[in-house]
Amino acid sequence: AFEFKVLPNNIGYVSLQSFENAEVSKEFEKNFEAISGTSALILDIRNNGGGNSSFGWSILGMLTDKDFKTSKWHTRSYKPAFRAWGRQEEIFGEDSGDFPADRSKYYSRPVVVLTGPATFSAAEDFAVAFDAMKRGLIIGEPTGGSTGQPLFFRLPGGGSARVTTKRDSYPDGKEFVGRGVIPDIVVKPNIPDIRARRDTVLEAARSELAKNLK
């Protein structure tokens, strides 16, 4: 779920493949001294399907010296009597919260986040918070556009399904569900690049960061 390496021009690269458990944020913290020695940082969440949003936010907390806003959300409040009376469902929600910065660890150099269509759920919450805090650029393709605490249930015949139970948005109410978090610089891999095993999104991020390192 976690990979760290140093690319040419002393650009750090961290692959965050999942936020399923706290190990990912612990690994980032454990490698923080080495990460802090880089001149710029790339965080790759292109294949991160989600997990627990707080694990991703903990990493963002080490990229700022200020508390930051997370996504706001709304959910339906189901009351059977209201439905019988023909009344509309009530909507309950909470404004975006403030997530604390980890002031004992602060990476202050340029940061880029890589996203793609396989970026979902808690990884989108990560991208939303990063975008809202204006910490750096997002490069790649729009995220999957689907987040919100899933409800799991069994289906007849042995199958299972899950349904989103809340609707998330940017701290200011901007929507991303159904459309995705839109990168600052859109880069889409093409067939020749894929055949050549060329990572055009990563190359674009390296090129963009290198401009500011000269």
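Numbering (my numbering), first residue to last: 3 to 216.
Every residue gets a Cβ at the ideal spot worked out from N, C-alpha and C, and that includes glycine.
Cα-Cα separation between residue i and residue j, rounded to whole angstroms
i: K6; j: V183; result: According to the sequence provided, residue 6 is Phe. The question's Lys does not apply to it. The straight-line gap from Cα to Cα measures roughly 24 Å.
i: F70; j: D127; result: 13 Å
i: T166; j: R156; result: 15 Å
i: A24; j: R105; result: 19 Å
i: F132; j: N214; result: 20 Å
Assumed close pair residue i, residue j - CB separation to whole angstroms, cut-off 8 Å
i: T149; j: V179; result: 7 Å
i: K74; j: P173; result: 6 Å
i: G53; j: F21; result: 3 Å
i: A120; j: G51; result: 7 Å
i: V188; j: L116; result: Contact doesn't hold; Cβ gap of about 12 Å is too wide.
i: I47; j: A129; result: 7 Å
i: G63; j: A103; result: 5 Å
i: G142; j: P185; result: 5 Å
Residue i (DSSP reduced to helix, strand or coil)
i: F154; result: strand
i: L18; result: strand
i: W75; result: strand
i: L116; result: strand
i: I44; result: strand
Residue from the options whose Cα sits closest to the Cα of residue i
i: R208; options: P119, N23, A163, L43; result: L43
i: R164; options: N33, Q19, D100, S123; result: S123
i: P10; options: P119, T40, N49; result: T40
i: I37; options: E25, A24, N49, S17; result: S17
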